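With my numbering applied, the sequence shown corresponds to residues 51 to 153, in that order.
All C-beta atoms, glycine included, are put in the ideal place defined by N, C-alpha and C.
Being a predicted model, the structure only gives us computed values, none of them experimental.
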Amino acid sequence: MLHPKQRAHLKKLAHHLDPVLHVGKSGLSEAFMAELDQALEDHELIKLRILEHSLFDLEDDLEDLLKNSRSEFVSRVGKTLVLYRKSFSLKPEDRLVLPPVKK
């Protein structure tokens, strides 16, 4: 679970990113979820856009998307979502560094 400080840091990093995936009419199909998994593994922090005619409903489907992709919700602006998942396949120097959290 992301701390608000970490979420704010990731949101700032994601600002300049373009969406790498688009949720279309097929919704959260197996093919889409495989692409999402690969994108998160390759980049850790991604944007995805929900297209106009998509069957994806933010209220109902967001929790399933996060659970099935094992990702964390960072932010949402309109129909664009930012997701984060730590990648262990990246070299340590290529991984995102989150700010430490005081307990």
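Do the CB positions of Leu-135 and Leu-90 come within less than 7 Å of each other?
Taking the sequence shown and counting its residues from 1, the one referred to as residue 135 is at position 85. Taking the sequence shown and counting its residues from 1, the one referred to as residue 90 is at position 40. This sequence places Arg at residue 135; Leu is not what is there. Result yes, Cβ atoms of Arg-135 and Leu-90 sit closer than 7 Å.
Put Glu-102 into one of helix, strand or coil per three-state DSSP.
Sequence index remark: in the sequence shown, residue 102 carries index 52 (1-based). Coil, per DSSP.
To the nearest angstrom, how far is the alpha carbon of Leu-98 from that of Leu-108?
The count along the sequence shown starts at 1 and reaches residue 98 at position 48. The count along the sequence shown starts at 1 and reaches residue 108 at position 58. Distance between the alpha carbons of Leu-98 and Leu-108 is about 12 Å.
Less than 7 Å between the beta carbons of Ile-100 and Val-132, yes or no?
Working through the sequence shown from its first residue, we reach residue 100 at position 50. Working through the sequence shown from its first residue, we reach residue 132 at position 82. Taking 7 Å as the Cβ cut-off, Ile-100 and Val-132 do not qualify as a contacting pair.
Is it buried or exposed, Ala-64, if we count other Cβ atoms within 10 angstroms and call 16 or more buried?
One-based indexing of the sequence shown puts residue 64 at position 14. By the neighbour-count rule (16 or more Cβ atoms within 10 Å), Ala-64 is buried.
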